[in-house]
């Protein structure tokens with residue numbers, strides 16, 4: 001059964017079903033895809049029209065003449081092949097878990113840092129420690145920002161195109177990252193988020209595109225994270241209720257996803273899907289447990 005091209009529905013013996021889709025990311029992003037699926041779901045439930053009308057509005061993201069792209073990052077060495085046998089694992093973080101990590105921050109950050117800033121900072125440090133890289137080697141954090149609400153861009157509520165842009169690369173050495181405090185890493189993430197202005201969006205998402213240059217090339221020791229928790233996959237209802245899971249089907253080495261889920265206690269939680277070499281995955285799990293233990297012990 002196919003609802004739309006490049007989609008597939010698998011019916012399960014329990015009466016449930018799995019809906020899988022493949023999309024071109026240059027056409028839409030996670031929020032745009034959910035907007036489309038929500039429209040299909042609303043029509044399936046008998047609504048006469050979608051609640052949110054689709055808006056094309058691509059003219060709002062036309063390149064400037066002449067283009068004014070930001071300088072691209074410095075050239076980096078070719079990315080080596082992934083080391084060893086890779087394993088995929090998902091880690092779930094409850095509100096209490098995030099609160100425990102947050103408790104280890106300085107007072108000025110404890111009440112202001114977002115869950116994304118807290119999780120990204122802690123998980124980047126844990127992943128770096130788990131990989132056991134040389135102390136003087138560079139490590140990088142790249143995360144994806146949604147620029148729909150950025151002042152000066154002016155995208156309408158129904159815009160379903162790709163409105164994602166990579167945030168400037170955070171780069172430091174293994175030694176500096178792990179020797180520094182969690183609070184310092186949170187401040188780095190926060191400063192990077194603040195650079196996503198209308199000028200940055202037009203430079204990276206629009207002007208570089210018309211010049212057919214990618215804003216960021218593959219980089220060694222990079223941890224790329226896309227936060228899809230606010231996209232709304234977990235809220236889709238085709239008439240059978242909200243899904244047990246909604247989000248990417250997998251992850252790859254170096255690219256992870258934060259996903260909205262419900263944990264065993266029925267709480268809204270965050271799940272990280274991550275791929276690492278098997279020994280590093282075991283160490284990553286230990287680092288995450290150690291992080292919670294240290295933070296809770298400090299309370």
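In UniProt numbering, the protein residues as written are 1 to 299.
Beta carbons: idealized from backbone N, C-alpha and C, even for Gly.
Every value quoted in this text rests on a predicted model; they were computed, and no experiment measured them.
{"Item": "Span of the beta strand (DSSP E), counted from its first residue to its last, around residue 147", "Value": "Run containing residue 147: none; DSSP gives neither H nor E here."}
{"Item": "Other residues of its chain near residue 245: CB distance less than 6 Å, five sequence neighbours each side excluded", "Value": "none"}
{"Item": "Buried or exposed by the 16-neighbour rule on C-beta atoms within 10 Å, applied to residue 343", "Value": "Here the chain has residues from 1 to 299 only, and residue 343 is not among them."}
{"Item": "According to DSSP, residues forming a beta bridge with residue 8", "Value": "20"}
{"Item": "Counterpart residues of residue 140 in DSSP-defined beta bridges", "Value": "171 and 222"}
{"Item": "Reference residue 154; option with closest CA among 113, 61, 205 and 69", "Value": "61"}
{"Item": "Given 8 Å, three or more beta-carbon pairs between the segment 220–234 and the segment 175–194", "Value": "no"}
{"Item": "C-alpha gap between residue 252 and residue 24, whole angstroms", "Value": "18 Å"}
{"Item": "Beta-carbon proximity of residue 221 to residue 138, cut-off 8 Å", "Value": "yes"}
{"Item": "For residue 283, the three-state DSSP class (helix, strand or coil)", "Value": "helix"}
{"Item": "Classification of residue 1 by the beta-carbon crowding that lies within 10 angstroms, buried from 16 upward", "Value": "With a pLDDT of 40 at residue 1, under the threshold of 50, the predicted position of this residue should be treated as unreliable, though the coordinate-derived value follows. Under this definition residue 1 is an exposed residue."}
{"Item": "Per-residue burial, residue 18 [other beta carbons within 10 Å of its own, 16 or more giving buried]", "Value": "exposed"}
{"Item": "Within 8 Å, strictly: CB atoms of residue 130 and residue 280", "Value": "yes"}
{"Item": "Beta-carbon proximity list for residue 248, same chain, < 6 Å, skipping 5 on both sides", "Value": "257"}
{"Item": "Cβ-Cβ distance between residue 119 and residue 143 below 8 Å", "Value": "no"}
{"Item": "Distance between beta carbons of residue 174 and residue 133, contact taken as under 8 Å", "Value": "5 Å"}
{"Item": "Collapsed DSSP secondary structure at residue 29 in the structure displayed", "Value": "coil"}
{"Item": "Residues that residue 87 bridges to, as DSSP identifies them", "Value": "276"}
{"Item": "6 Å Cβ shell around residue 10 - same chain, five flanking residues per side excluded", "Value": "18"}
{"Item": "Option in 51, 122 and 147 with minimal Cα separation from residue 289", "Value": "122"}
{"Item": "Bridge partners - residue 166, DSSP secondary structure assignment", "Value": "144"}
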